[in-house]
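There are 4 protein chains.
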Amino acid sequence: MLKNNRVVRVEWGDCDPAGIVFYPRFFAMFDASTTALFERALGMTKYQFMKHYDFVGYPMVDTRAKFIIPARFGDDVVIESTVREFRRSSFDVEHRLLKDGALAVEGFETRVWTSHDEKDPNKIISAAIPDEVIARFK
Amino acid sequence: MLKNNRVVRVEWGDCDPAGIVFYPRFFAMFDASTTALFERALGMTKYQFMKHYDFVGYPMVDTRAKFIIPARFGDDVVIESTVREFRRSSFDVEHRLLKDGALAVEGFETRVWTSHDEKDPNKIISAAIPDEVIARFK
Amino acid sequence: MLKNNRVVRVEWGDCDPAGIVFYPRFFAMFDASTTALFERALGMTKYQFMKHYDFVGYPMVDTRAKFIIPARFGDDVVIESTVREFRRSSFDVEHRLLKDGALAVEGFETRVWTSHDEKDPNKIISAAIPDEVIARFK
Amino acid sequence: MLKNNRVVRVEWGDCDPAGIVFYPRFFAMFDASTTALFERALGMTKYQFMKHYDFVGYPMVDTRAKFIIPARFGDDVVIESTVREFRRSSFDVEHRLLKDGALAVEGFETRVWTSHDEKDPNKIISAAIPDEVIARFK
């Protein structure tokens, strides 16, 4: 399975009065990492692949994170992301955030692939993930 | 001119490693205050008045803030908001954020009223602010 | 066990291009709800009880959320929060976010109570949750 | 005067229901750009130079931004940052955010250099910017 790594600089504004990352910011980093993974697999930006696949996003169904080592402003952390499993219309992503090579945060996501409802263009419905998309991850 | 006051609790997650509000969060508070002011004037939520007036938002053109007294988590601040001037398609909003009755932050905004382009529904254009909207502020 | 309910207005700035809450914002709302619960139990703001108990925060160890119904700007949601279990130095919080009375998001948290290390004031260590604090939740 | 350029990817989570950057996020980007500029000038991370200069941050006194061209998720924008003027304890920063080479957002900041009060370590006071710091920008 394709894996994507990216380096993220922890900024002052990501941190709370304890001087460490305010944990909701890790979820924002993971969301951007999932997008970076798809962009790498599909060779397009999210904006482009949303148009290409008449796709309206992969909203989160269930997410979890475990916080092992705190990170603070000025840290350059590495986020490794991979899809663990593709099902018909949902899929699981796993993120490993490393600080100085050590596992600092683990993230788990279950997302659903969505499209426009042909009957009602204002409605969003879950849709089968295109085989072509899945193939790009292998 | 109509004035709207609202109380905002400063949260831990609004604050930075210095223990005070990370200033971009004040702009988010002011954006919500502008919306609260319009909601009060129009008697509808923003979601509702966007539909009612075929309005697609009041994007920011120019904004400024002056920071006089810092605020920290646990503070309940009051934000007083008012429209300073309505022009054809743009308007100015002023916010005064008070802490214990003293002026802590001042915010100034120039926004533009936008609508869908009749020729191209994907395009957003500036539009005349409806007289009916302006009348509600007086 | 004490339960705290609070109403949260979903703001435009909490939402993403799909028009619904960007899910990391739910974690920020839950963090504020945990604090509101402790503030209600202890009768002090977090700023005050951090000083009172020589307490330096309850960093997150493990958190999970399940997203059932999306929320959009203008929605007033209710967040019900309660401590599920206190252990020696860690505890579990559960949040139920309701939209129009229906369960929209569930949140689960395991946090650890921390204090200053007596040997090194710059160091933060896990500490026993004071009995007095636990008693206030019953 | 030293100038620092950095590329910022606009993320889905930076954008609002109009599909464009929620403007408070530009201020967060500018804050990180000011830090990147100082880090480049001083050859240290902010965490390091705060310790090195017994410096406790450069809180914002006055900031303004003008929004010319909207940016949306997937855009890679360039932020050019420079100090316009150093005074005794305050300084002005200017940011130019470019999209496809065109000026999209301009940001202006006046910040103050702060240090610990020798009489009261819990107090923060404005302090003279070290000559050595200023020299590094030339």
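Chains as they are written, first to last, in this note's numbering: chain A, 4 to 141; chain B, 4 to 141; chain C, 4 to 141; chain D, 4 to 141.
For every residue, glycine included, the Cβ atom is placed at its ideal position computed from N, Cα and C.
Proximity test, Cβ basis, 9 Å: residue i and chain B
i              : result
K126 (chain C) : no
G16 (chain D)  : no
F58 (chain A)  : no
I23 (chain D)  : yes
D65 (chain D)  : yes
A107 (chain D) : no
K49 (chain C)  : yes
T85 (chain C)  : no
Within-9 Å CB hit, residue i to chain A
i              : result
D123 (chain B) : no
A74 (chain C)  : no
F89 (chain C)  : no
T117 (chain D) : no
F30 (chain C)  : yes
Contact under 9 Å by Cβ, residue i with residue j
i             : j              : result
D65 (chain D) : K69 (chain B)  : yes
Y61 (chain A) : W116 (chain A) : yes
R99 (chain A) : E83 (chain A)  : yes
M63 (chain A) : R114 (chain A) : yes
V81 (chain D) : R87 (chain D)  : no
P20 (chain C) : G104 (chain D) : no
V24 (chain D) : H119 (chain D) : no
K6 (chain D)  : T85 (chain D)  : yes
Residue i in three-state terms, based on DSSP
i              : result
L79 (chain D)  : Correcting the residue identity first, residue 79 (chain D) is Asp in this sequence and not Leu. The answer is strand: DSSP assigns D79 (chain D) an E or B state.
T38 (chain A)  : helix
G16 (chain D)  : helix
M32 (chain D)  : helix
I132 (chain A) : coil
M63 (chain D)  : strand
K49 (chain D)  : helix
I71 (chain D)  : coil
K6 (chain C)   : strand
K102 (chain C) : strand
A44 (chain A)  : helix
A107 (chain B) : strand
Where residue i falls, given that 16 or more other Cβ within 10 Å makes a residue buried
i              : result
M4 (chain D)   : exposed
D78 (chain D)  : buried
G110 (chain B) : buried
P124 (chain D) : exposed
V10 (chain C)  : exposed
A1 (chain C)   : Nothing in the structure corresponds to residue 1 (chain C), since chain C is present only between 4 and 141.
K122 (chain D) : exposed
E135 (chain B) : exposed
A31 (chain C)  : buried
A138 (chain D) : exposed
K49 (chain B)  : buried
L106 (chain C) : exposed
Contact with chain C by residue i, beta-carbon distance below 9 Å
i              : result
D19 (chain D)  : yes
K141 (chain B) : no
T113 (chain B) : no
A44 (chain A)  : no
CB contact check: residue i to chain D, cutoff 9 Å
i              : result
P133 (chain B) : no
I137 (chain B) : no
F70 (chain C)  : no
P27 (chain C)  : yes
A35 (chain A)  : yes
R99 (chain A)  : no
G77 (chain A)  : yes
Are the region 125–136 of chain C and the region 65–85 of chain D in contact at 8 Å, needing three or more beta carbon pairs?
no
Give a yes or no on contact between the region 15–28 of chain A and the region 31–43 of chain D, applying the rule of three or more CB pairs nearer than 8 Å.
yes
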